[in-house]
Amino acid sequence: TDLWAAVDCGFAVNPPGVVKQIEGGLLFGLAAALWGKITPTADGVAERNFDGYRLLRLGETPRVHVLLLDTGRAVLGGVGEAGTSAAIPAVANAVSRLRGTRLRTLPLVDAGSSAVATHDASSPAVASLRLDPGGKGPLP
Numbered sequence: 021t022d023l024w025a026a027v028d029c030g031f032a033v034n035p036p037g038v039v040k041q042i043e044g045g046l047l048f049g050l051a052a053a054l055w056g057k058i059t060p061t062a063d064g065v066a067e068r069n070f071d072g073y074r075l076l077r078l079g080e081t082p083r084v085h086v087l088l089l090d091t092g093r094a095v096l097g098g099v100g101e102a103g104t105s106a107a108i109p110a111v112a113n114a115v116s117r118l119r120g121t122r123l124r125t126l127p128l129v130d131a132g133s134s135a136v137a138t139h140d141a142s143s144p145a146v147a148s149l150r151l152d153p154g155g156k157g158p159l160p
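All the letters of the sequence shown, read from the start, carry residue numbers 21 to 160 under this note's numbering.
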């Protein structure tokens, strides 16, 4: 499965750094869309560390491709968290397209499905995701 991003950030002073920032943000956004959840408790939050907060595992990580657009703008821009904020709606839209129904809450796992990244070259969706409710097989 591949994840693609085209970025217009103006003049990139450090193009490899911009690419890495977008790559990391996309992967964090993908994990946030699928599993990102913070549970409030009386004394703070339940997820105190990364052992209680689900992130992508290496085997689940798609190949990431970032294209920096050269639009001729000489202004300095920035990338900040652009990858993270772009990944979440992109994943939600891809899952909705594959399911045929829109999930209206995040994380997508809490919307009634667990999502596992898989490779499906025949899928017309932007991202290839197989939805698997509790390990019982693909959803219709």
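Cβ coordinates follow ideal geometry from the N, Cα and C atoms, glycine included.
Backbone secondary structure at residue i - three-state DSSP
i      : result
Leu76  : coil
Arg117 : helix
Pro9   : Past the edges of the chain, shown from 21 to 160, lies residue 9, and the structure says nothing about it.
8 Å contact criterion, which residue i and residue j should meet: CB distance rounded
i      : j      : result
Ala25  : Val86  : 5 Å
Leu123 : Ala131 : 4 Å
Thr125 : Gly49  : Incorrect: roughly 16 Å between the Cβ atoms, too far for contact.
Close Cβ partners of residue i (< 6 Å) along its chain, the five nearest in sequence each way excluded
i      : result
Val27  : Ile42, Leu88
Ser116 : Arg122
Contacts around residue i, its chain only, beta-carbon distance under 8 Å, and the 5 residues preceding and following it disregarded
i      : result
Pro127 : Ala52, Ala53, Leu54, Trp55, Gly56, Lys57
Leu96  : Gly30, Phe31, Val33
Glu67  : Lys57, Ile58, Thr59, Tyr73
Whether residue i touches residue j by CB criterion (8 Å)
i      : j      : result
Ala107 : Gly45  : yes
Arg29  : Val99  : Arg is not the amino acid found at residue 29; the sequence shown has Cys there. Yes. Within cutoff.
Pro82  : Thr21  : yes
Leu76  : Leu118 : no
Residue i - containing alpha helix (DSSP H), residue span
i     : result
Ala51 : 35 to 55
The beta strand (DSSP E) enclosing residue i, as first and last residue numbers
i     : result
Leu87 : 83 to 88
Asp22 : 22 to 27
Cut-off 7 Å between Cβ atoms - residues of its own chain near residue i, not counting five sequence neighbours on either side
i     : result
Val65 : Ile58, Thr59
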